[in-house]
Amino acid sequence: MQILQSLNGRPMRVWALSAFLAWVVFLVTRFVLLGHSVMFSEQAPGALFGAVLLGMLRDVPVVLLLSWPWAMFEIAFNRKWADRLRWPLLAIYVFTLIFVGVSEGVFWEEFSVRFNFIAVDYLVFTTEVIGNIRESYPVGKIISGLAVLTLVVVWSLRRPLRAAVTVESGRATQFGWALSLMLAVCVVAYKMPLSEFSNNAFANELADNGWRSFIAAARQNKLDYRQFYATRPDAEVMADLQRLSGHGQVSANNTSLLKASFKPGKQPNVVVIMMESMSAEFMETFGNNQGITPNLDRLGKEGMLFTRLYATGTRTVRGLEALSAALPPQPGASVVRWPNVSNLNTLGSTLAARGWTPHFIYGGYGMFDNMNSYFESQAYKVTDRKSFQEGLVQFENVWGVADEHLFDQVLINMDREASAGKHFFAHIMTTSNHRPFTYPDGRIDIPSPAKREGGVKYADYALGRFMEMAKQKPWFDNTIFLIVADHCASSAGKSKIPVYRYHIPAIIYAPKMVAPKQIDTLASQIDLAPTLLAMLGLEGDDHFVGRDILHTPPEEGRALLSTYQNLGYMKGNLMTVLQPKRKIETFRISKDGKEAQLVATEPKMVQEAIAYFQGAALLMEQHSEDGKRI
75 MQILQSLNGR PMRVWALSAF LAWVVFLVTR FVLLGHSVMF SEQAPGALFG AVLLGMLRDV
135 PVVLLLSWPW AMFEIAFNRK WADRLRWPLL AIYVFTLIFV GVSEGVFWEE FSVRFNFIAV
195 DYLVFTTEVI GNIRESYPVG KIISGLAVLT LVVVWSLRRP LRAAVTVESG RATQFGWALS
255 LMLAVCVVAY KMPLSEFSNN AFANELADNG WRSFIAAARQ NKLDYRQFYA TRPDAEVMAD
315 LQRLSGHGQV SANNTSLLKA SFKPGKQPNV VVIMMESMSA EFMETFGNNQ GITPNLDRLG
375 KEGMLFTRLY ATGTRTVRGL EALSAALPPQ PGASVVRWPN VSNLNTLGST LAARGWTPHF
435 IYGGYGMFDN MNSYFESQAY KVTDRKSFQE GLVQFENVWG VADEHLFDQV LINMDREASA
495 GKHFFAHIMT TSNHRPFTYP DGRIDIPSPA KREGGVKYAD YALGRFMEMA KQKPWFDNTI
555 FLIVADHCAS SAGKSKIPVY RYHIPAIIYA PKMVAPKQID TLASQIDLAP TLLAMLGLEG
615 DDHFVGRDIL HTPPEEGRAL LSTYQNLGYM KGNLMTVLQP KRKIETFRIS KDGKEAQLVA
675 TEPKMVQEAI AYFQGAALLM EQHSEDGKRI
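For the sequence shown, the residue numbers in our numbering are 75 to 704.
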């Protein structure tokens, strides 16, 4: 009885009340996310109900940790000061809980996951992210609404809070209880398993807590492959990697082999157009009936269309990494985000050794995601928003200039190189197909600001406009264009790696050099650079992990896909997924890529998957050991 009385003091009561408040907010947030999954992701409520119950339990350590400062506050301050500060602090506490809950809803709408490494990265690039939110949502109204809701909640708590602070007890006793409970909660929270408990990714995410997942992502933004994933002997891995890539040598270091016989004369220019979030599912070619990609569909018919090409990840930096360095994705941060990466084997450096002038041209600010630093370190000439020709830009949003202005700058750069008698290589990164989906008026029949369909159609319009303008240039007939997406518009899906959310278009367009053709071989983004080099007659000069798609037997086609933790290797209708804690699973993928059935692992696929992903880690380790990084 005495023990119960000692727990009945003001600090313990306030702690309990604040913990209950946080738990209610988490519960409401989870039901909102559940409703969104049912309404917009075609999830059955019954399949997710267990996740809600498990999530309620998993919330307990988090809410106790969040509320623990209240116990310390009531212990540290005497009654007079506690009474003065309690109400404004409570308002801040309530507003923070509700604000984070709403932020989770916005993040879930975009990615269908709890806070992860993307949310951590977004805190680094506050200008772009805050600007994107301001342009996409009525921020003033939302903040005002949250403030009003905060006042309502605080007002409703006046009686229970006054009742909680009427009981006094010894400060030393209360401090002892608070410290003991804090230690117990920390132990429970530390031992709590990760959210994954089923094969349904939506259920796994619903069972998690956004605060917990954010902290975990901050700690695990970089994952050491050897420490967390299944491994094989290094020598075996490198031998398999050479066999799988079709090269006698693979390396992450920029050491041009110069094996191919160089043919003096007018070599083709190369222009890579990487389109923001341009999923294959938007194209009529792949079954869409909205008519929002007429130019892409036309170029696909007039050029070489790769029908089964898959992105390596779900962020722009993954696409840039795959296209420039042909590296399988590593867990955690993309190589583009690594500090001080120089002398990396890239498409640009390989072409530069043969006389091409490499450019990276971006419609936004290249400090975002370390893009400028990465490409400058690989000897690319970088043009971003800050260096566009004065007076060229008539429309822009927080992410960058309208795509049509980006392409106008590209034409200026290419004309300059052509007039100097140089053959050029340009890697272009667009921005318009990104929330808030704003663009110049009068270009398409969907008014700005729009939803995703408007962003897609405008991006397609800008591409078509650019190609028509390029056709008037003297260098057009001698230029190979590669049009490809960086990633899909959404990464949501109920499987660990939802395959259909990685399917992207890729088109090689050069009317005077490339006949219309459809390539149905299963392939990866990392294969595009070797394919381009082979078309240029330089297939002997690269030592990429990727391979020439045009000379890959269809039965040997494969794709490499990843989240920031899960690494997928797909061949045929099977995908082996390497996961932290050295876990390995194999799934049979449905024809539409939406379903994944767990099946027995195939040893050969496991060996090849490890060869690719461990091999990429080894290559970057060697790169670092050579003193080229860090």
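In this text, a Cβ means the ideal position worked out from N, Cα and C, and glycines have one as well.
Query raised in the report: Do you know how far the Cα of Asn444 is from the Cα of Arg539?
Result: Mapped onto the sequence shown, residue 539 falls at position 465. Mapped onto the sequence shown, residue 444 falls at position 370. Between Arg539 and Asn444, the C-alpha separation is close to 29 Å.
Query raised in the report: With a CB to CB cut of under 7 Å and the five nearest residues on each side skipped, what residues in its chain are close to Tyr448?
Result: The sequence position of residue 448 within the sequence shown is 374, counting from 1. Only Val410 and Val415 meet the Cβ criterion.
Query raised in the report: Per DSSP, Leu634 is paired with what?
Result: Translated into positions along the sequence shown, residue 634 becomes position 560. Note: Leu634 sits in a beta bridge opposite Tyr643.
Report task. Could you spell out where the beta strand (DSSP E) holding Arg539 opens and where it closes? Result -> Locating residue 539 in the sequence shown gives position 465, counting from the first residue. Note, Arg539: premise wrong, no beta strand (DSSP E); alpha helix (DSSP H) at Arg526 to Ala544.
Report task. Given a cut-off of 8 Å, decide if Gln688 and Tyr436 are closer than it, judged by their beta-carbon atoms. Result -> Taking the sequence shown and counting its residues from 1, one reaches residue 436 at position 362. Taking the sequence shown and counting its residues from 1, one reaches residue 688 at position 614. No, Cβ-Cβ distance for Tyr436 and Gln688 is not below 8 Å.
Query - Assigned secondary structure, Ser598 (DSSP; H/G/I helix, E/B strand, else coil) - result: Stepping through the sequence shown from its first residue, residue 598 is reached at position 524. Strand.
**Report entry** DSSP beta-bridge partners of Leu418
**Finding:** Position 344 of the sequence shown, counting from 1, holds the residue named residue 418. According to DSSP, which records beta bridges pairwise, Leu418 is partnered with Asn327.
Requested in this report: May I ask you to list the residues that DSSP assigns as paired with Leu379?
Outcome: In the sequence shown, counting from the first residue as 1, residue 379 sits at position 305. Residue pairing from DSSP places Leu379 in a beta bridge opposite Ile581 and Gln592.
Query - Phe336 (DSSP reduced to helix, strand or coil) - result: Position 262 of the sequence shown, counted from the first residue, corresponds to residue 336. Model confidence at Phe336 stands at a pLDDT of 48, short of 50, so the residue's coordinates are unreliable and nothing is read from them.
Query raised in the report: To which residues of the same chain is Val213 closer than 8 Å at the C-beta, ignoring the five residues directly before and after it?
Result: Taking the sequence shown and counting its residues from 1, one reaches residue 213 at position 139. Cβ within range, chain order: Ile207.
Query raised in the report: So, helix, strand or coil for Gln463, using DSSP?
Result: Along the sequence shown, one-based indexing puts residue 463 at 389. DSSP places Gln463 in coil when its eight states are reduced to three.
Query raised in the report: By Cβ distance, which residues of its chain are closer than 7 Å to Phe271, with the 5 residues on each side in sequence left out?
Result: Numbered from 1 along the sequence shown, position 197 holds the residue referred to as residue 271. Excluding five sequence positions before and after Phe271, the CB atoms of its chain that fall closer than 7 Å to its own CB belong to Leu128, Asn278 and Ala281, given in chain order.
**Report entry** Simplified DSSP assignment, three categories, for Tyr211
**Finding:** Locating residue 211 in the sequence shown gives position 137, counting from the first residue. Coil, per DSSP.
**Report entry** Closest by C-alpha distance to Lys678, when choosing among Glu630, Lys665 and Asp666
**Finding:** Counting from 1 along the sequence shown, the entry for residue 678 is found at position 604. Per the Cα distances, Glu630.
Report task. Specify, as a first and last residue, the run of the beta strand (DSSP E) that Tyr436 falls within. Result -> Locating residue 436 in the sequence shown gives position 362, counting from the first residue. Unbroken beta strand (DSSP E) run through Tyr436: Thr431 to Tyr436.
**Report entry** Three or more C-beta pairs below 8 Å linking the stretch 650-662 and the stretch 548-562
**Finding:** No, they do not touch.
Query raised in the report: Quick one: what does DSSP say Arg662 is sitting in, helix, strand or coil?
Result: Mapped onto the sequence shown, residue 662 falls at position 588. Three-state DSSP puts Arg662 in a strand.
Requested in this report: Give me the Cα-Cα distance between Thr675 and Ala500, rounded to the nearest whole angstrom.
Outcome: Here residue 675 corresponds to residue number 601 of the sequence shown, with the count starting at 1. Here residue 500 corresponds to residue number 426 of the sequence shown, with the count starting at 1. Thr675 and Ala500: Cα-Cα distance of roughly 42 Å.
**Report entry** Separation of Val88 from Ala275, as counted between CA atoms
**Finding:** One-based indexing of the sequence shown puts residue 275 at position 201. One-based indexing of the sequence shown puts residue 88 at position 14. CA-CA distance, Ala275 to Val88, rounds to 36 Å.
Query raised in the report: Quick one: Cα of Ser115 to Cα of Gly406, how far?
Result: For the purposes of this step, residue 115 is identified with residue 41 of the sequence shown, where counting begins at 1. For the purposes of this step, residue 406 is identified with residue 332 of the sequence shown, where counting begins at 1. Cα-Cα distance, rounded: 26 Å.
Requested in this report: Would you check if there are 3 or more beta carbon pairs closer than 8 Å linking the stretch 514-526 to the stretch 222-229?
Outcome: Inter-segment contact for the stretch 514-526 and the stretch 222-229 is absent: fewer than three beta-carbon pairs are separated by less than 8 Å.
Report task. Report the rounded CA-to-CA distance for Ile571 versus Glu659, giving the unit in angstroms. Result -> Taking the sequence shown and counting its residues from 1, one reaches residue 571 at position 497. Taking the sequence shown and counting its residues from 1, one reaches residue 659 at position 585. Linking Ile571 to Glu659 through their CA atoms gives a straight-line distance of about 12 Å.
Query raised in the report: Would you say Met349 and Val588 are within 8 Å of each other, going by their C-beta atoms?
Result: If you number the sequence shown from 1, residue 349 lands on position 275. If you number the sequence shown from 1, residue 588 lands on position 514. Not a contact, by the Cβ cut-off of 8 Å.
Query - Glu464 beta carbon less than 8 Å from that of Val456 - result: Locating residue 456 in the sequence shown gives position 382, where the first residue counts as 1. Locating residue 464 in the sequence shown gives position 390, where the first residue counts as 1. It is not a contact, given that the beta carbons lie outside the stated cut-off.
**Report entry** Sub-8 Å separation of Thr605 and Asp622 beta-carbons
**Finding:** What you label residue 605 is simply residue 531 of the sequence shown in a count that begins at 1. What you label residue 622 is simply residue 548 of the sequence shown in a count that begins at 1. With respect to Asp622, Thr605 sits close: the two C-beta atoms are nearer than 8 Å.
Query raised in the report: How far does the alpha helix (DSSP H) with Ile557 in it reach, from first residue to last?
Result: Residue mapping note: residue 557 aligns to position 483 of the sequence shown, counting from 1. Taken as a continuous stretch (DSSP letters only), Ile557 belongs to no alpha helix (DSSP H), being part of the beta strand (DSSP E) at Thr553 to Ala559.
Report task. Indicate the three-state DSSP secondary structure (helix, strand or coil) for Val88 in the structure shown. Result -> Along the sequence shown, one-based indexing puts residue 88 at 14. Val88 falls in the helix class under three-state DSSP.
Query raised in the report: Going by the beta-carbon positions, is the gap between Val311 and Ala584 smaller than 8 Å?
Result: In the sequence shown, counting from the first residue as 1, residue 311 sits at position 237. In the sequence shown, counting from the first residue as 1, residue 584 sits at position 510. Annotated as distal: Val311 and Ala584, with beta-carbon spacing of 8 Å or more.
Report task. Could you pull out every residue in the same chain whose Cβ sits closer than 6 Å to the Cβ of Arg153, ignoring the five residues on either side in sequence? Result -> Locating residue 153 in the sequence shown gives position 79, counting from the first residue. Counting only Cβ-Cβ distances below 6 Å, and skipping sequence neighbours, we find nothing.
**Report entry** Cβ neighbour criterion (16 or more within 10 Å) applied to Met357
**Finding:** The residue you call residue 357 lines up with position 283 of the sequence shown. It counts as buried.
Report task. Take Thr595 as the anchor and find which of Tyr384, Pro135, Pro521 and Gly322 has the nearest alpha-carbon. Result -> Indexing the sequence shown from 1 puts residue 595 at position 521. When each option's Cα is compared against that of Thr595, the closest is Tyr384.
Query raised in the report: Apart from the five residues just before and just after Gly474, which ones in its own chain have a Cβ nearer than 6 Å to its Cβ?
Result: As a working note, residue 474 is residue 400 in the sequence shown. Excluding residues within five positions, the ones whose Cβ falls inside 6 Å are Gly437, Gly438, Arg459 and Thr505.
**Report entry** For Tyr454: DSSP bridge partner residues
**Finding:** Start at 1 with the first residue of the sequence shown, and residue 454 comes out as number 380. None, per the DSSP bridge assignment.
Query raised in the report: Per DSSP, what kind of secondary structure is Leu652 in: helix, strand or coil?
Result: Here residue 652 corresponds to residue number 578 of the sequence shown, with the count starting at 1. Leu652 falls in the strand class under three-state DSSP.
Query raised in the report: Nearest CA to the CA of Gly387: which residue from Glu355, Pro510, Ile578 and Phe360?
Result: Taking the sequence shown and counting its residues from 1, one reaches residue 387 at position 313. Nearest option by C-alpha distance: Ile578.
Query raised in the report: Since Ala603 and Pro402 are thought to touch, with beta carbons under 8 Å apart, how far apart are those beta carbons, to the nearest angstrom?
Result: Here residue 603 corresponds to residue number 529 of the sequence shown, with the count starting at 1. Here residue 402 corresponds to residue number 328 of the sequence shown, with the count starting at 1. 13 Å between Cβ atoms; not a contact.
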